[in-house]
Every structure is written in structure tokens, then in C-alpha cells.
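Student: Before I ask anything, here is the structure I am working with.
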Amino acid sequence: MRPHLISCLEKGHFTPFPQNTTSSTDFVRIYARRIECSCQCGKPDVFENMIGYEAKRGRISCTKWNAFDHNKAKKDGVIVPNKGVDPDYDKAKLDIKMTERKLDKYLDEQRDRISCRQMVFWGSGKNRFQLEIPESALKRVPDEYDLKSSKKGWKRFWTSDIQDMLAELVEAEDRKDVAQRD
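Numbered according to my numbering, the sequence shown spans residues -1 to 180.
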């Protein structure tokens, strides 16, 4: 085929490629083999059970040990289970997400309640989710808000609802950490 193409290019016009009279199946032999290999995690496995592989690099992912991302675990030094592998971990992550949504909804409700769009959550660690309110809006702050801290031009408050949601969040984060360590 290649000589025909070169000839056509040299002549300046193309003609149909010559037809091959022999069947390509005459030259193909098919061999079936069972190939032993190992996963990138080092566990032995059989090729038929593999998800896929990168032949050039020799990395293979197996179906039996796909509970976490091996490369990410090596890079970060932390094993993060894939979804569906550890029900306790999945439940803890879901609880964290739901509690964070409840906190965001609560913040929006409080902004509407005192008509202050500048109100934000402030803090870190166990002092997270303090309502930071500008001094210009302090006249509208309800009595149920407990003053926690302040800075120039701003006051920071907690409510019993925030404390309850923060306790839920901390408990879910602790469950996630325990599940991740196991």
C-alpha cells in the first residue's frame, strides 16, 4: 500500500489502491492466556479481574483493592475511602454536609430576621460559627444572642441553635476521623 501511495504522489494524481487478494484472517493467530499480574497496591491479582491498566507504566488497578485512591494516599499520606466502601465514613460525611447546610440556612434566616446582609459566620475550631454583626445593626439584635467577642466596628454572637448545630458538626467530624483511621 505504501509504495502505491508514494507512486501516486510522484505522478501527481491518485489511482485506487490495489485490492488485497488474501484475507487478513489468514495471518492472525489468536492466543488465549491467563496473565498473572499485581495491582499498584502490591496485591496479586489476575488480569481478567482488572479494571484497567497503563501498560507503558506498568500500573494496574484491581477490583478487589479499590477501596481508596492509592496514588492520592501515597501523595497525601492519608487514606480516604471511596464512596460506598465504608458506611460509617459515608454517613459521617453526609451528616457533616447536612449540618453545614443547616448552618447556612440559619445564617440566611438570621440575616433576614435583623435585616443585615453584612452578617457572616466568623471563627475557627470550637469557636466557629459566631455571628459577626456590624455595630450599625446592633439595635436589631435579639436578646437571645450571647456576646462572645468583638473587634472594632463588629460584635460576635452565638445562639443556642448555633451551639447545638456546632455540637452535631463536631460529633460528625469526630466520627469521620475515627472511620478514616480504621
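Cβ coordinates follow ideal geometry from the N, Cα and C atoms, glycine included.
Under 7 Å Cβ to Cβ from LYS100, same chain only, skipping five residues before and after it: list those, please.
Tutor: Excluding sequence positions up to five before and after LYS100, its CB lies within less than 7 Å of the CB of MET163, all in the same chain and listed in chain order.
Student: Compute the Euclidean distance between the alpha carbons of VAL118 and LEU105, then round it to the nearest angstrom.
Tutor: Those two C-alpha atoms are separated by around 7 Å.
Student: Work out the CA separation of LYS70 and LYS91 for me, nearest whole Å.
Tutor: 19 Å
Student: Could you tell me which uninterrupted alpha helix (DSSP H) segments, each at least 4 residues in length, are contained entirely in the region 81 to 115, listed from first to last along the chain?
Tutor: 85 to 112
Student: Could you check if GLN17 is buried or exposed, using at least 16 other CB atoms within 10 Å of its CB as the buried criterion?
Tutor: Per the 10 Å Cβ criterion, exposed.
Student: State the beta-bridge partners of ARG154 as determined by DSSP.
Tutor: GLU130, SER147
Student: Let me know the secondary structure DSSP gives VAL176 once reduced to three states.
Tutor: Looking at VAL176 - three-state DSSP - the assignment turns out to be helix.
Student: Do PHE155 and LEU145 have their beta-carbon atoms positioned less than 8 Å apart in this structure?
Tutor: yes
Student: Of the choices GLN116, GLU142, GLY151, GLN161, whose alpha-carbon is the least far from that of ASP128?
Tutor: Contrary to the premise, residue 128 reads as Gln rather than Asp in this sequence. Per the Cα distances, GLN161.
Student: When the distance is taken between beta carbons, is ALA177 closer than 8 Å to ASP84?
Tutor: yes
Student: Taking the alpha helix (DSSP H) that ARG138 belongs to, which residues open and close that run?
Tutor: Annotation: ARG138 is outside any alpha helix (DSSP H) and is labelled neither H nor E by DSSP.
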